[in-house]
Structures are given as structure tokens and as C-alpha cells.
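For the record, in the sequence shown the residue sitting at position 122 is 219 according to the working numbering, with numbers rising by one throughout.
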Amino acid sequence: MHQLLNNIFIGTMSGTSYDGIDVCAMSVDPEIKLLHFASYKYPKNLRKEIAKVIEHQTLSLQKYGELDHQIGMAFASAVNNFILQRKIARSQICAVGLSGQTLWHHPQGNYPFSIQAGDAQVISKRCKIDVVSDFRNDHIKLGGEGAPLVPEFHQQIFASAKQSRLILNIGGIANYSFLEKFNGFMGSDTGPGNALLDAYCQKYLDRPFDKNGLLARKGLMHLSSLNKMLTHPFFKQRSPKSTGKEVFNLSFIPQALLKQPHENILATLTELSAMTIGRSIQLKEKLVKEIIVCGGGINNLFLLERISHYTSTPLQSSEIFGFQPQSIEAMAFAWLASQRVKQLPLTVKKKKGLVGKVNKFKL
Numbered sequence: 098m099h100q101l102l103n104n105i106f107i108g109t110m111s112g113t114s115y116d117g118i119d120v121c122a123m124s125v126d127p128e129i130k131l132l133h134f135a136s137y138k139y140p141k142n143l144r145k146e147i148a149k150v151i152e153h154q155t156l157s158l159q160k161y162g163e164l165d166h167q168i169g170m171a172f173a174s175a176v177n178n179f180i181l182q183r184k185i186a187r188s189q190i191c192a193v194g195l196s197g198q199t200l201w202h203h204p205q206g207n208y209p210f211s212i213q214a215g216d217a218q219v220i221s222k223r224c225k226i227d228v229v230s231d232f233r234n235d236h237i238k239l240g241g242e243g244a245p246l247v248p249e250f251h252q253q254i255f256a257s258a259k260q261s262r263l264i265l266n267i268g269g270i271a272n273y274s275f276l277e278k279f280n281g282f283m284g285s286d287t288g289p290g291n292a293l294l295d296a297y298c299q300k301y302l303d304r305p306f307d308k309n310g311l312l313a314r315k316g317l318m319h320l321s322s323l324n325k326m327l328t329h330p331f332f333k334q335r336s337p338k339s340t341g342k343e344v345f346n347l348s349f350i351p352q353a354l355l356k357q358p359h360e361n362i363l364a365t366l367t368e369l370s371a372m373t374i375g376r377s378i379q380l381k382e383k384l385v386k387e388i389i390v391c392g393g394g395i396n397n398l399f400l401l402e403r404i405s406h407y408t409s410t411p412l413q414s415s416e417i418f419g420f421q422p423q424s425i426e427a428m429a430f431a432w433l434a435s436q437r438v439k440q441l442p443l444t445v446k447k448k449k450g451l452v453g454k455v456n457k458f459k460l
């Protein structure tokens, strides 16, 4: 047993919706326990910069260096505010698990990589804590997709010896973890969750998202546009697979759909998310009695209704297990940091290896 005296790990998460940074404090020994959770918004100008880079898919080397530093400062600010507000003694904190901000994710081809902005050294220096980072690239080097990274953590908190379970995480990109009752697990992205919906609302409606899916609920599906989007090669790939905003951004939306009323556009994008989630989990859901849902998308009631249209298995919130739906991914990065600090390998496609780089705090 790798017992640690400073038993608290801080987990951070900023997803593909880049709306802000989730932070949690979690103990891992003798059991995984969420102690605190909070969300912090990105500074407005920084958020716009991130959106611009992802939308235009290009930036200079200087701009990348500056953005990497700025995002690191934003993460450091969120972590420091969190520690102060929750009155956590730094001496109790072992390390911060850094998700980083995904700018580009390319796990296939001859030269696979994932670009995560957020300078770990900046965070370590400003927070005076060790930071574990670069989980995605290490995962890719072991033969994985670099995303989703949560299935092995889902196994730790949700697995049952009596039944298999399916965990559905709806963030900017949706993904699932299938946890077999005999200790096996696998995970895959399904495609867009909130990414297209939020991006459209932010650009065209000047609002962060479609609250509860109220606008989408009023709209009509534009069937020809939906069918066109469904022809994208990603949806034909076999699982496990991963994707991001480099594919599912505003340029993905057909021009014919953009000429429709706002409600129709949102209804069609909601249906795309629901249908691709439903299709992805179809085979696995027959092996489970319930689908446990987490992530920010759980607040979009209309999206959940449309997902239910494509599945016969009841959807349950992770709340029934005592975990806030939005806290799970930040918790996963706290756990990933704990595994790396303890020198415990992860299982990636039946191979085992250490995932994450430890950035030691230096005075």
C-alpha cells in the first residue's frame, strides 16, 4: 500500500466547452472521497482567445507560448482561490492533477499528439505545489486515444461485482465507460455533447448555453442537415475512439442549417448529440440495468429526453452514488495525479504504464 501523509489531491478540469475551470479536493486513502468542489470562469478575454484559436485552427508560435502561460495563470488562480476559500492547508496537499486546455487532439496517424495548454511550471510556482500534467500524450504513447481518460477512474468509484455498468459523461464531447462486473472496462468518445450547442449559443445568441434546452425544445429538426452531419467519418469509426473541437466546431454545421431559425438549429444539433450517443451505447446498454449520467450536459433536460428516445435503459444521475455530476472529471484528474505520484501504472489497451509527468515545485 502506497500510503501518503499529505493525502489530499487537487483535480482540475477545463473541457471542450472552455467555459471555465472545475476544481476539486479529494482524498484517496483509505478510500476515494470528494472533500470540496467549485467552478471558476475563465477571464472573458482569455475565453475569447481560446475560442478564436480553436475556431480558426491556427496560431503563431509566439501566440501559443503566451496562451500557454495565460491559461497556466488562470488555472493557478482557480486553484489558489479554491484552497483559500475552502481553507485547505497546503501541507495536506500532495499534488495538483492538471487537465490542461485542449487546443488540438490528434491521436491517429503516423505522428499522434494532443496539445494541452496551461504551463504546469507556472501553476506549480504560483501555487507552491507539485503538479502532474500531460496525461493525454502519455496515454497516446501507450497506444491509447488520449481521451477519454476517465474509464479507469469510473471503475474505481462505480464498478460493481454484481452487475455491469455504463457511465455516460456529457461534456462538450460526450463519452462513455463500460464497466464489466468481472473487472474489465473500456471507454470511448461518441461525438458532440454540448460543444456545438454551446458554440452556437455563444456566437449567435450571446448566451453561454441553451438553458434546459428550452429553445431547442421549441424548434423543428432540419432532417437533411442532420443526415449530412451523420455522414462524417468519425461516426463510422469503431470504438474506442476520441475527438474534440478540432472536428466538432462551428464550421462543422452545414450552411443550409445555419439559414434556419435559431430554435430549429438547436433542435437539430440536440438531435445529433442524442442520436450519436444513443447509437454508440446501443450494444453495451443491453448488458446493463441503468445508465449513470454525469457531466454538465445532465442539466440539459431536453437533451436527456432525446437520448432516452434512443435507449430503453433508464438514465440515472451520478448523484445517487453521492457524486455531483459536474465534479467527476475533476475528480478523475485528482485520482490520475495520485496514481502517478504513487508510481502506479494505468491499463491502456491491455498494456500498463505510468501516465502523467510530475512537475516538482521549486523555490
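Ideal Cβ positions, reconstructed from N, Cα and C, are used throughout, including at glycine. No experiment lies behind these values; they were computed from the predicted model shown.
Between F418, P209, D119, G341, which lies nearest to A292 when the distance is taken from Cα to Cα?
G341
Please list the segments of the beta strand (DSSP E) lying wholly inside the segment 378-425, counting only runs of 3 or more residues, in order along the chain.
388-391, 412-414
For the beta strand (DSSP E) that contains R262, what are its first and last residues?
262-267
Count the CB pairs spanning the segment 267-275 and the segment 389-397 that are closer than 8 Å, and state whether there are at least three.
yes
For the candidate residues S415, L239, V150, whose alpha-carbon lies nearest to that of T113?
V150
Can you name the start and end residues of the alpha helix (DSSP H) that D295 belongs to?
292-301
Any idea which residues DSSP pairs M110 with across the strands?
D119
Name the residue from T365, Q260, C121 whose alpha carbon lies nearest to the alpha carbon of N280.
Q260
Which term fits L181, buried or exposed, when burial requires 16 or more other beta carbons within 10 angstroms of its beta carbon?
exposed
Counted within 10 angstroms of its Cβ, other Cβ atoms place M98 as buried (16 or more) or exposed:
Per-residue confidence for M98 stands at a pLDDT of 43, beneath the threshold of 50, marking its modelled position as unreliable; the derived number appears in the next sentence. With fewer than 16 Cβ atoms within 10 Å of its Cβ, M98 is classed as exposed.
Taking the straight line between their C-alpha atoms, what separation do you get for D165 and I220?
11 Å
F458 - partner residues in DSSP beta bridges:
None, per the DSSP bridge assignment.
Inside the segment 111-190 only - alpha helix (DSSP H) runs reaching at least 4 residues:
141-153, 158-182
Three-state class that DSSP yields for I226 in the structure shown:
coil
Hey, could you find the ends of the alpha helix (DSSP H) P248 is sitting in?
248-255
Quick check on DSSP: helix, strand or coil for S196?
coil
Backbone secondary structure at S336 - three-state DSSP
coil
Reduced DSSP category for V452 - H, G, I as helix; E, B as strand; rest coil:
coil
Pull the bridge partners of I212 from the DSSP assignment, please.
W201
Assuming G241 contacts K446 (C-beta within less than 8 Å), just tell me the rounded distance between them.
6 Å
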